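Participant: Provided herewith is a single structure, encoded as structure tokens, for subsequent inquiry.
There are 2 protein chains.
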Amino acid sequence: MSVNLRQVAERAGVSVRTVSNVVSGFALVAPATRERVQRVIDELGYKPNAAARHLRGGRSGLVALVLPEMASPYFGELAGLLADRAEAYAWTLLVQQTGGDAGRERELLDGVRAQAVDGLIMSPWGLSPSDLTRRPGSAPLVLLGEQDAGGLLDHVAIDNVDAATETTRHLIATGRRRIAAIGLQPHLVNGTAARRAEGYRRALAEAGLPALEVPVERLHRADGAAAMTRLHHSGAEVDAVFCFSDQLALGALHVALSRGLNVPGDLAVAGFDDIEDGRFAHPALTTIAPDKPALADAALKCLSDRLADVHAEPKRLVVAHRLEIRASTAARTS
Amino acid sequence: MSVNLRQVAERAGVSVRTVSNVVSGFALVAPATRERVQRVIDELGYKPNAAARHLRGGRSGLVALVLPEMASPYFGELAGLLADRAEAYAWTLLVQQTGGDAGRERELLDGVRAQAVDGLIMSPWGLSPSDLTRRPGSAPLVLLGEQDAGGLLDHVAIDNVDAATETTRHLIATGRRRIAAIGLQPHLVNGTAARRAEGYRRALAEAGLPALEVPVERLHRADGAAAMTRLHHSGAEVDAVFCFSDQLALGALHVALSRGLNVPGDLAVAGFDDIEDGRFAHPALTTIAPDKPALADAALKCLSDRLADVHAEPKRLVVAHRLEIRASTAARTS
DNA sequence: GTGAAAGCGCTAACAG
DNA sequence: CTGTTAGCGCTTTCAC
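Going down the list, the sequences are from chains W and F.
Numbered per full-length UniProt numbering, the first sequence spans residues 1 to 334.
Numbered per full-length UniProt numbering, the second sequence spans residues 1 to 334.
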């Protein structure tokens, strides 16, 4: 078994209290004592027991990250950033996947783990904001994504309406007139797709252009491909598609290229999220680039603030985004 | 604060022992008592305290996943599979990133967290197998990837030499004669790239063809792009590139297409890992598809077996792979 | 500056 | 079948 405080204390000829002081570094200890104790700690390879600290102090040093899926490039990047930056708060990240399922989200929110972590960072798809406010006493929760919970929950996100408006305006500015949107998810309560659709419609309305919206089941490449195929079969003449995620856009792009379309000549394609794939696609994908490091920092900071003051006013943090214009939406040279 | 055993016991008019029995379900409890206690548990919303259980029982229900980076599609997919399947073992996954850095790997392996988890699943890049065997008493470790630790460590992997041989033979069979390999990492002790290079050389030797190896710094798309650019500038005439990861291949593909090359007409491109990107690239990427679900299952099973018997003989588990032939290496129609 | 001891919530050995 | 209780390793209050 591993070494404990008492063994270190005995060996160093001091009490456990003193060893504890040396380890935590807070209380005053005579320099000579401190050095002697430290030597014994190194010698014995003493490591404080996390379970005992947790039990005693009520803090585990663990933060749960609850995501629809880690394999998605967007969430993968975000998880990586969060894991790295969590270190500044002495937190370790624990990841749990929901598949976007409401039942599973509920389960993870109410489960044993939710009480054993210092906080949760979650990107809900299935649960509505009002569902999310109804939770028995588990750890503080910070949401990723715009969630209209009537100011009752902390959340961090970009301004999706604005980003979508900007993207659609860009497509219009490059001379496109028949612009389809791929990515509405009518079956989800999650408002992100709805907000992007709102921005899309707004820009089209400004220009007096008609909207053409193609719903999808999920947000994978295959869904983008299927939507593009449906769009094609519908006979709709389209000169641009705005996809609500880069994955959808890459799927759509794949189908367009396979059908022999010239992108951006015949069809412009824009995405959302700025995943690495999109930068190396051919043509490279125009996209909305959220400031992901800022998003990760904001989420952690928000959680940290909440822990410091449980009764503070819930925050709504908006992080920056940037329209990243690449080859897939270049203006037609006609 | 939250409810504990004692409060449930008092309310139900039984001892903590009985409540504990009801919760764990192991010991015998009279049906009437069980029901009464269960009702109080539900009423009070009692949830067992993970810290106390951990302290008492020595098991945290946590498994650390130590990876170079979560944002990489391959590791993202694997992490997702592991997180899902860990549930069958009642484990929650905790993820830590190393960036492939040896110091960081050491740190995570020896740190406090490594003692507070039931086990670790790790994909080492910086530490050599012999480094990995030198560990003070932390939790059991299962390695991902072929690690020649002289049979001292549990590890699960595909047969990299075989997979690379197969891929190279395929390129030769489609009529390619000047086949470059992109992805050696001479600065890393990790043997994976070396094994793939071995398979590549073997197949070339069989056919009496020369090898042309391009090293890379890391395994991102940008590195593949840089390698392809260097290859081009070197003036080497090449009709196929075998990249040791799909990310490298996608970077190389991007550069090739940007230079106006026809893929697969002028140049065949093959990758490794079967990430979703590759399937939707244009042309779709030929690749080695490891059986990732099997890999995840094997790693968890291996860890579970190790926990059950600390002194069992270390295992070397080999999971299946399949050469997935797609458009990027189609035979030339000349 | 340092020691003694209580107690966080749980499990399981011991008693009945 | 159920009650009582020691103790997992740590922090911290209280004494000295």
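Cβ atoms here follow ideal geometry from the backbone N, Cα and C, with glycine treated the same way.
Every value quoted in this text rests on a predicted model; they were computed, and no experiment measured them.
Do residue 199(W) and residue 163(W) have their C-beta atoms within less than 8 Å of each other?
Facilitator: The criterion of a C-beta distance shorter than 8 Å is satisfied by residue 199(W) and residue 163(W).
Participant: Would residue 126(F) and residue 100(F) qualify as a contact pair, given that the criterion is a beta-carbon distance under 8 Å?
Facilitator: yes
Participant: For the alpha helix (DSSP H) holding residue 80(W), just list the boundary residues, first then last.
Facilitator: Here the alpha helix (DSSP H) through residue 80(W) covers 73 to 86.
Participant: Shorter than 8 Å from the beta carbon of residue 134(F) to some beta carbon of chain W?
Facilitator: no
Participant: Which ranges does the alpha helix (DSSP H) cover as unbroken runs of at least 4 residues, wholly within the segment 89 to 125 of chain W, from first to last along the chain?
Facilitator: 102 to 110, 113 to 116
Participant: To the nearest angstrom, how far is it from the Cα of residue 292(F) to the Cα of residue 18(F)?
Facilitator: 44 Å
Participant: Is the number of C-beta pairs between the segment 131 to 142 of chain W and the segment 107 to 123 of chain W that are closer than 8 Å three or more?
Facilitator: Verdict: yes, contact present.
Participant: Would you please state the rounded distance, in angstroms, between the beta carbons of residue 61(F) and residue 90(F)? I believe it to be under 8 Å.
Facilitator: Going by Cβ atoms, the distance from residue 61(F) to residue 90(F) rounds to 6 Å, so yes, they are a contact pair.
Participant: Indicate the three-state DSSP secondary structure (helix, strand or coil) for residue 181(F) in the structure shown.
Facilitator: Three-state result, residue 181(F): strand.
Participant: If distances are taken between C-alpha atoms only, which option among 278(W), 241(W), 247(W) comes closest to residue 265(W)?
Facilitator: 241(W)
Participant: Determine the direct distance from the alpha carbon of residue 109(F) to that of residue 133(F), and round the result to whole angstroms.
Facilitator: 11 Å
Participant: Counting Cβ pairs, one atom from each stretch, are 3 or more of them under 8 Å apart for the segment 281 to 300 of chain F and the segment 78 to 86 of chain F?
Facilitator: Taking a contact to require three or more Cβ pairs closer than 8 Å, the segment 281 to 300 of chain F and the segment 78 to 86 of chain F qualify as touching.
Participant: Compare the Cα-Cα distances from residue 172(W) to each of 197(W), 208(W), 2(W) and report the closest residue.
Facilitator: The option with the nearest alpha carbon to residue 172(W) is 208(W).
Participant: Locate the alpha helix (DSSP H) running through residue 280(F), then write down its first and last residues.
Facilitator: In the DSSP assignment, residue 280(F) falls within the unbroken alpha helix (DSSP H) covering 276 to 280.
Participant: Going by DSSP, which residues form a beta bridge with residue 321(W)?
Facilitator: 290(W)
Participant: Got a sec, what are the start and stop residues for the beta strand (DSSP E) residue 154(W) sits in?
Facilitator: 154 to 157
Participant: Determine the DSSP secondary structure at residue 53(W), reduced to helix, strand or coil.
Facilitator: helix
Participant: Answer yes or no: do residue 228(F) and residue 197(F) have a C-beta to C-beta separation smaller than 8 Å?
Facilitator: No; because the gap between Cβ atoms is not below 8 Å, this pair is not in contact.
Participant: Mapping the DSSP letters down to three states, classify residue 204(W) as helix, strand or coil.
Facilitator: helix
Participant: Considering only C-alpha positions, which residue in the set 129(F), 178(F), 71(F), 182(F) is nearest to residue 338(F)?
Facilitator: In the structure displayed, chain F extends from 1 to 334; residue 338(F) sits before or after that span and is not available.
Participant: Identify every residue that forms a DSSP beta bridge with residue 316(W).
Facilitator: 155(W).
Participant: Taking the alpha carbon of residue 320(F) as the point to measure from, which residue in 250(F), 157(F), 170(F), 8(F) has its own alpha carbon closest?
Facilitator: 157(F)
Participant: Rounding to the nearest angstrom, what Cα-Cα distance links residue 11(W) and residue 103(W) in this structure?
Facilitator: The alpha-carbon atoms of residue 11(W) and residue 103(W) are separated by roughly 53 Å.
Participant: Under three-state DSSP, which class holds residue 216(F)?
Facilitator: coil
Participant: For chain W, find out if any of its Cβ atoms is closer than 8 Å to the Cβ of residue 226(F); answer yes or no.
Facilitator: no
Participant: Assuming residue 174(W) contacts residue 269(W) under a Cβ cut-off of 8 Å, what Cβ separation, rounded to an integer in Å, is found between them?
Facilitator: Not quite, the Cβ-Cβ distance comes to about 12 Å (not below 8 Å), so this is no contact.
Participant: Can you pull the DSSP bridge partners for residue 240(W)?
Facilitator: 179(W), 268(W)
Participant: Which residues in the same chain as residue 210(W) place their Cβ atom closer than 6 Å to its Cβ, once the five residues preceding and following it in sequence are excluded?
Facilitator: none
Participant: For residue 245(W), would you say it is in contact with chain F, using Cβ-to-Cβ distances shorter than 8 Å as the test?
Facilitator: The beta carbon of residue 245(W) sits no closer than 8 Å to any beta carbon of chain F.
Participant: Assuming residue 180(W) contacts residue 216(W) (C-beta within less than 8 Å), just tell me the rounded distance between them.
Facilitator: No, residue 180(W) and residue 216(W) are not in contact; Cβ-Cβ is about 12 Å, not under 8 Å.
Participant: Run through chain W and tell me which residues come within less than 8 Å of residue 272(F), C-beta to C-beta.
Facilitator: Near residue 272(F) there are no residues of chain W at all, since even the closest Cβ is about 16 Å away, more than 8 Å.
Participant: Taking residue 24(W) as the reference, give the member of 13(W), 205(W), 49(W), 7(W) with the closest Cα.
Facilitator: Comparing Cα-Cα distances from residue 24(W) to each of 13(W), 205(W), 49(W), 7(W), the minimum goes to 49(W).
Participant: So is residue 122(F) in contact with chain W if we call contact Cβ pairs under 8 Å?
Facilitator: no
Participant: Tell me the DSSP secondary structure of residue 64(W) in three-state form.
Facilitator: strand
Participant: Here's a check: name, in chain order, each residue in its chain whose Cβ is nearer than 6 Å to the Cβ of residue 202(F), leaving out the five neighbours to either side.
Facilitator: 165
Participant: My understanding is that residue 212(F) touches residue 249(F), with C-beta atoms under 8 Å, so please give their C-beta distance in whole angstroms.
Facilitator: That belief does not hold up - the Cβ atoms of residue 212(F) and residue 249(F) are roughly 16 Å apart, past 8 Å.
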